[in-house]
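Numbering (the UniProt record's numbering), first residue to last: 1 to 623. Built from N, CA and C at the ideal position, the CB exists for glycine as well.
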């Protein structure tokens, strides 16, 4: 698996969590379009090549000007080989609907592609049915040249629909015809209860129509992602284009204003809209692919319809002068379990984090949270129970961290004496301090390392909660959607980096973090302040404040986790302090350790020798 690129928001969140740990130790059912009454005039519309422009001819028009069938035949000749398709009954702005219990698709005659894709079981934040495709926000086109020198686009040509049943499966064949036996076909097969459908592109008898000199036909797929969530900017943050290449490698474009990329051997392309995705998969990989995304949200107050615009350009190779591609379409939720069950590497579309963070989510948090939510009464309670379990598992690390802090507290008077005695000799002060730590069996790093060990867990959860589809539109207490921010007050203005609302869970989480930091580092940070180091007390106040601003627009489920986690940690540390750790006993043990001859390890001995040499050189320099 290729290492993923890290977007800016993930970096900020990662650094924020890391800093806190270090310093605190997302009905209308569209009816099938009725056939209009037979009109006296039937319009025939097609496309000439880019040089000759569009040609529109109808049989009635030709009759009205006194022309006969010979003239009609001549007009069809001018339209090229696919002029036959323009004379069929299907050459009109009609469409065909196929559906199952979870998905409804409307496919237009013109272009043969989906004009509406509705997910039946989901609503947007404002209770409107979730559409992935509607009102012309998507296009699917094959551009090719013909043997008579024309350049055609399938999106401007008319396909003939034919619906049939194959067992329980609905089959829709869309054929762009040269004759009854010569055509280009899009074939859709929709299975019961599935968001994934079979899709194939094949041609028959067109080897003398396609220009054999072209290397490949060009497939262009474009889509503008609709807003489905309360915060369009937050939804846009988790909206991206993901693709798989070279067998099992995957990559994504990122969240910049405009992102482009190219790669070879493409096996799927996904337009991910946070909690819903449109995915094109192929059994025979495309030789290459060009991809582009553009951010459509510059101002959340103005840009309220679309999140990002996607585009993918893929070559369709001819085999013996014909096309034959077996593919799949997926229009459905970005749900890890659903995508993972297809066993086609689609789970990588869900941003669980790279490396160890993704593994922790994949093998621990996702199955464990699914287990808890299967029997607990609400997802909020499932978050709290999972938090309790995580904190209990990490309690030995918490104990180690607090024990180290207790030792440092006991040693503080002696450290102060060393600082005062050698205040004019930084080298000697450092040397004596290290000797004291070595004799007492204490180290300031022993308190930092346990905190560092927790970073993978906390960052994995930072990725898990915003991507957990199960939390979408699930309420808890005052939060109506754990996958989005909670609101207790709307502001009449917008505060930069904070927003136009007040979320309570981030406030509670920030207060709990502040109390925790006061308990663990507030008493000792100023005493251990080293010259040239940042003001630790300032950082202790700054970290909760940064979290308050940063998490105000994040998933309330994440803030609920951090609030609960810090409350539990505070409780554990109070138990450790008052029932487990006895500072008098620690002091006595340190004194015993100081009396025992301490055998230095190789690293400590080398460090001491280096410091002694440096001190000796310093003395010589003063002579």
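From the listed residues 379, 494, 567, the smallest Cα separation to residue 511 is found for 567. DSSP places residue 82 within a helical segment (H, G or I) once states are collapsed to three.
Annotation: the segment 277 to 358 contains the following complete segments of the alpha helix (DSSP H) (minimum length 4 residues), in chain order: 336 to 341. With fewer than three CB-CB distances shorter than 8 Å, the segment 387 to 404 does not count as touching the segment 491 to 507. According to the DSSP secondary-structure assignment, residue 190 is paired through a beta bridge with 170. By alpha-carbon distance to residue 92, the top candidate from 113, 154, 158, 107 is 158.
The beta carbons of residue 352 and residue 362 sit about 6 Å from each other, so the pair counts as a contact at 8 Å. Closest in C-alpha terms to residue 308, from the list 514, 277, 395, comes 277. Secondary structure at residue 270: strand, using DSSP grouped into helix, strand and coil. When secondary structure is reduced to three states using DSSP, residue 499 falls in the strand class.
With respect to the 9 Å criterion, residue 483 and residue 229 are classified as neighbours on the basis of their beta carbons. DSSP places residue 237 inside the alpha helix (DSSP H), whose first and last residues are 232 to 237. Assignment of beta-bridge partners to residue 106 by DSSP yields 97, 116. In the structure shown, residue 183 adopts extended strand secondary structure according to DSSP, grouped into three states.
In the DSSP assignment, residue 562 falls outside any beta strand (DSSP E) and within the unbroken alpha helix (DSSP H) covering 556 to 575. When C-beta atoms of the segment 112 to 124 are compared with those of the segment 136 to 145, three or more pairs fall below 8 Å, so the two segments count as touching.
Selection 143, 128, 161, 151 evaluated against residue 95 yields 161 as nearest (Cα-Cα). Taking the CA atoms as reference points, residue 257 sits about 5 Å from residue 295.
Non-local C-beta neighbours of residue 348 in its own chain, meaning closer than 8 Å and more than five positions away in sequence, comprise 1, 242, 244, 250, ordered along the chain. In the DSSP annotation of this structure, residue 364 is not part of any beta strand (DSSP E), being labelled neither H nor E. Between the C-alpha atoms of residue 226 and residue 131 there is a straight-line separation of about 8 Å. Residue 151 and residue 293 have their alpha carbons spaced roughly 26 Å apart.
The beta carbons of residue 182 and residue 205 sit closer together than 9 Å. The continuous stretches of beta strand (DSSP E) do not include residue 508, which lies in the alpha helix (DSSP H) extending over residues 504 to 517. According to the DSSP assignment, residue 131 belongs to the beta strand (DSSP E) that extends over 129 to 133.
With contact defined as three or more Cβ pairs closer than 8 Å, the segment 556 to 572 and the segment 457 to 471 are in contact. Residue 328 holds the alpha-carbon nearest to the alpha-carbon of residue 200 among 551, 328, 103. The Cβ atoms of residue 102 and residue 120 sit closer than 9 Å to each other.
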